[in-house]
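Asker: Chains X and Z, in that order, give the protein sequences. FYI, our numbering numbers position 86 of the first sequence as 86, with every residue one higher than the one before it. FYI, our numbering numbers position 21 of the second sequence as 133, with every residue one higher than the one before it. C-beta: ideal position from N, C-alpha, C; glycine also. Model, not experiment: these values are computed from the prediction.
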Amino acid sequence: EAQVTQNPRYLITVTGKKLTVTCSQNMNHEYMSWYRQDPGLGLRQIYYSMNVEVTDKGDVPEGYKVSRKEKRNFPLILESPSPNQTSLYFCASSSRERDIQYFGAGTRLSVL
Amino acid sequence: DAKTTQPPSMDCAEGRAANLPCNHSTISGNEYVYWYRQIHSQGPQYIIHGLKNNETNEMASLIITEDRKSSTLILPHATLRDTAVYYCIVRVALGGGNEKLTFGTGTRLTIIP
Numbered sequence: 001e002a003q004v005t006q007n008p009r010y011l012i013t014v015t016g017k018k019l020t021v022t023c024s025q026n027m028n029h030e031y032m033s034w035y036r037q038d039p040g041l042g043l044r045q046i047y048y049s050m051n052v053e054v055t056d057k058g059d060v061p062e063g064y065k066v067s068r069k070e071k072r073n074f075p076l077i078l079e080s081p082s083p084n085q086t087s088l089y090f091c092a093s094s095s096r097e098r099d100i101q102y103f104g105a106g107t108r109l110s111v112l
Numbered sequence: 113d114a115k116t117t118q119p120p121s122m123d124c125a126e127g128r129a130a131n132l133p134c135n136h137s138t139i140s141g142n143e144y145v146y147w148y149r150q151i152h153s154q155g156p157q158y159i160i161h162g163l164k165n166n167e168t169n170e171m172a173s174l175i176i177t178e179d180r181k182s183s184t185l186i187l188p189h190a191t192l193r194d195t196a197v198y199y200c201i202v203r204v205a206l207g208g209g210n211e212k213l214t215f216g217t218g219t220r221l222t223i224i225p
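#1: So is residue 154 of chain Z in contact with chain X if we call contact Cβ pairs under 8 Å?
#2: Can you tell me where the beta strand (DSSP E) holding residue 133 of chain Z begins and where it ends?
#3: Starting from residue 153 of chain Z and walking both ways along the beta strand (DSSP E), at which residues does that stretch end?
#4: Are the segment 18-29 of chain X and the segment 189-196 of chain Z touching, with three or more C-beta to C-beta distances below 8 Å?
#5: For residue 161 of chain Z, which residues does DSSP report across the bridge?
#6: Between residue 170 of chain Z and chain X, is any beta-carbon pair separated by less than 8 Å?
#7: Using a Cβ-Cβ cutoff of less than 8 Å, which residues in the same chain neighbour residue 201 of chain Z once the five nearest sequence positions on both sides are dropped?
#8: Would you decide whether residue 45 of chain X is buried or exposed? Buried here means 16 or more other CB atoms lie within 10 Å of its CB.
#9: Determine whether the beta carbon atoms of residue 63 of chain X and residue 82 of chain X lie at a separation below 8 Å.
#10: Which residue from Z:164, Z:180, Z:158 puts its Cα closest to that of residue 170 of chain Z?
#11: Just to make sure I have the definition right: I need the residues of chain Z whose C-beta is within less than 7 Å of the C-beta of residue 58 of chain X. Which are they?
#12: Under 8 Å, do residue 132 of chain Z and residue 192 of chain Z count as touching if we go by C-beta distance?
#13: Compare the C-alpha of residue 112 of chain X against each of X:58, X:13, X:104 and name the closest.
#14: Check whether the Cβ atoms of residue 3 of chain X and residue 90 of chain X sit closer than 8 Å, and answer yes or no.
#15: Quickly, what does DSSP pair residue 18 of chain X with across the bridge? List them, please.
#16: Since residue 45 of chain X is in the beta strand (DSSP E), which residue starts that stretch and which ends it?
#17: Residue 141 of chain Z CB to nearest chain X CB: under 8 Å?
#18: Contact criterion: CB-CB distance below 8 Å. Does residue 198 of chain Z meet it with respect to chain X?
#19: Round the Cβ separation of residue 6 of chain X and residue 86 of chain X to the nearest angstrom and send it over; I've been treating them as touching at under 8 Å.
#20: Whose Cβ in chain X lies nearer than 8 Å to the Cβ of residue 216 of chain Z?
#21: For residue 43 of chain X and residue 60 of chain X, I'd like the C-alpha separation in whole angstroms.
#22: Quick one: grab the DSSP three-state call for residue 73 of chain X.
#23: Rounded to the nearest angstrom, what separates residue 78 of chain X and residue 177 of chain Z at their Cα positions?
#24: Nearest to residue 219 of chain Z by alpha carbon, out of Z:210, Z:203, Z:135?
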């Protein structure tokens, strides 16, 4: 089954403790992206990647890092999480041929 | 990407057709109309997209007016599982660039038993 898998689904952590949210897709998609969703602000893009070793900032990249060493994986790294990064995070992917984005189930992160 | 306007909320009786309108009066000739939905706090789900012709798939139909300034998403036989926030998005289908989706506030559709 074609899917985008995020882990973990829920995470509670403390300020400053480094964490990684993993994202993996099994559709051989070139494009991957991370969004965060906050009440009243909608979904905002954090980072995106157009292919392996090609990443770029989205609208709200501060405090986040990403890497794209393999086509299927696009982890989101929070080196020193802060409470304002408490949010619902979504990973998405799409192919160059079909301009449809597939989203993961989401990761709900709470930073205390 | 062109701006879209949707009603904030709508109700529809179970089993009836749900018709969700979207205005996009500033749409450009190369911009597509996309519809996604988000059920509760799940990941957004693609429904359908089109350029100027009406489109139909297993989930829904998309009717785009001749001047392309508005469109309607039709769920032919709504079920309780169709309760969600529906987003109308207008964008250029670039392919190979940043394919960021700009989600507005959408329409909260509630299916009534």
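Answerer: Considering the structure as presented:
#1: In the second sequence, the residue the question calls residue 154 of chain Z occupies position 42. Chain X places a beta carbon closer than 8 Å to that of residue 154 of chain Z, counting this residue as a contact.
#2: For this step, residue 133 of chain Z is matched to residue 21 along the second sequence. 130-135 is the extent of the beta strand (DSSP E) around residue 133 of chain Z.
#3: Residue 153 of chain Z sits at position 41 when you count from the first residue of the second sequence. Segment: none, residue 153 of chain Z is in no beta strand (DSSP E) and carries neither H nor E.
#4: Cβ pair count under 8 Å is below three, so no.
#5: As a first step, residue 161 of chain Z is located in the second sequence; it is residue number 49 there, counting from the start. Under DSSP, residue 161 of chain Z takes part in a beta bridge, and its partners are Z:146.
#6: Numbered from 1 along the second sequence, position 58 holds the residue referred to as residue 170 of chain Z. No, residue 170 of chain Z does not count as interfacial toward chain X.
#7: As a working note, residue 201 of chain Z is residue 89 in the second sequence. Around residue 201 of chain Z: 113, 116, 145, 146, 147, 148, 213, 214, 215, 216.
#8: Taking the first sequence and counting its residues from 1, the one referred to as residue 45 of chain X is at position 45. Counting C-beta atoms within 10 angstroms of its own C-beta, residue 45 of chain X has 16 or more neighbours from the protein chains shown and is therefore classed as buried.
#9: Translated into positions along the first sequence, residue 63 of chain X becomes position 63. Translated into positions along the first sequence, residue 82 of chain X becomes position 82. Inclusion of residue 63 of chain X and residue 82 of chain X in the CB contact set at 8 Å is warranted, their separation being smaller than that value.
#10: To locate residue 170 of chain Z, count along the second sequence from 1; it is residue 58. The residue from Z:164, Z:180, Z:158 with its alpha-carbon nearest to that of residue 170 of chain Z is Z:158.
#11: Position 58 of the first sequence, counted from the first residue, corresponds to residue 58 of chain X. Taking the beta carbon of residue 58 of chain X as reference, the chain Z residues within 7 Å of it are 212, listed in sequence order.
#12: Here residue 132 of chain Z corresponds to residue number 20 of the second sequence, with the count starting at 1. Here residue 192 of chain Z corresponds to residue number 80 of the second sequence, with the count starting at 1. When the beta-carbon positions are compared, residue 132 of chain Z and residue 192 of chain Z stay at least 8 Å from each other.
#13: As a first step, residue 112 of chain X is located in the first sequence; it is residue number 112 there, counting from the start. Considering only X:58, X:13, X:104, the residue with the shortest C-alpha distance to residue 112 of chain X is X:13.
#14: Reading the first sequence from its first residue, position 3 is the one you call residue 3 of chain X. Reading the first sequence from its first residue, position 90 is the one you call residue 90 of chain X. Result no, Cβ atoms of residue 3 of chain X and residue 90 of chain X do not sit closer than 8 Å.
#15: In the first sequence, the residue the question calls residue 18 of chain X occupies position 18. Beta-bridge analysis with DSSP links residue 18 of chain X to no other residue.
#16: Here residue 45 of chain X corresponds to residue number 45 of the first sequence, with the count starting at 1. Boundaries of the beta strand (DSSP E) harbouring residue 45 of chain X: 42-51, taken from the DSSP string.
#17: Residue numbering aside, residue 141 of chain Z sits at position 29 when the second sequence is read from its first letter. No, because no Cβ of chain X sits closer than 8 Å to the Cβ of residue 141 of chain Z.
#18: Taking the second sequence and counting its residues from 1, the one referred to as residue 198 of chain Z is at position 86. With 8 Å as the cut-off, residue 198 of chain Z does not count as an interface residue toward chain X.
#19: Position 6 of the first sequence, counted from the first residue, corresponds to residue 6 of chain X. Position 86 of the first sequence, counted from the first residue, corresponds to residue 86 of chain X. Rounded, the Cβ-Cβ distance is 17 Å, inconsistent with contact.
#20: Residue numbering aside, residue 216 of chain Z sits at position 104 when the second sequence is read from its first letter. Within chain X, the C-beta atoms nearer than 8 Å to that of residue 216 of chain Z come from 42, in chain order.
#21: Counting from 1 along the first sequence, the entry for residue 43 of chain X is found at position 43. Counting from 1 along the first sequence, the entry for residue 60 of chain X is found at position 60. Approximately 11 Å between the Cα atoms of the pair.
#22: Numbered from its first residue, the first sequence carries residue 73 of chain X at position 73. Correct three-state label for residue 73 of chain X: strand.
#23: Along the first sequence, one-based indexing puts residue 78 of chain X at 78. Along the second sequence, one-based indexing puts residue 177 of chain Z at 65. The alpha-carbon atoms of residue 78 of chain X and residue 177 of chain Z are separated by roughly 45 Å.
#24: As a position in the second sequence, residue 219 of chain Z is number 107, starting the count at 1. It is Z:135 whose Cα lies nearest to the Cα of residue 219 of chain Z.
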